[in-house]
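Per numbering that gives the first Met the number 0: the sequence shown ends with 67, consecutive numbering throughout.
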Amino acid sequence: MNTPTIPTHHVFVVDDEGTNAFWTKIGAAWQHADGKGFNMTLNAIPLDGRVVVRSVKAAEERTGKGRK
């Protein structure tokens, strides 16, 4: 399987809820060709909070284009 060079998804750790939520980008993910899984590269392993995987487009809409 060839992994595309550009990730299809971003990986975040999210602390808190709602308007108080703080999103920290911790890695990238590439969706499998069959759409049933991901290969992920993480730059950090969170000790708390929740891990959220968002499509690149959805992540840009959520965080604001260019903001990481």
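Ideal placement from N, C-alpha and C gives every residue a C-beta, glycine not left out.
CB-CB length for residue i against residue j, believed under 8 Å
i	j	result
V51	F11	5 Å
Proximity of residue i and residue j at Cβ, strictly below 8 Å
i	j	result
A27	P6	yes
Nearest-angstrom Cα separation, counted from residue j out to residue i
i	j	result
W29	G36	9 Å
A32	I25	23 Å
G34	N19	32 Å
G48	E16	10 Å
T40	T23	15 Å
E60	D14	19 Å
R53	F21	15 Å
H9	A57	9 Å
Identified DSSP bridge partners for residue i
i	result
D14	F21
T40	A27
V52	V10
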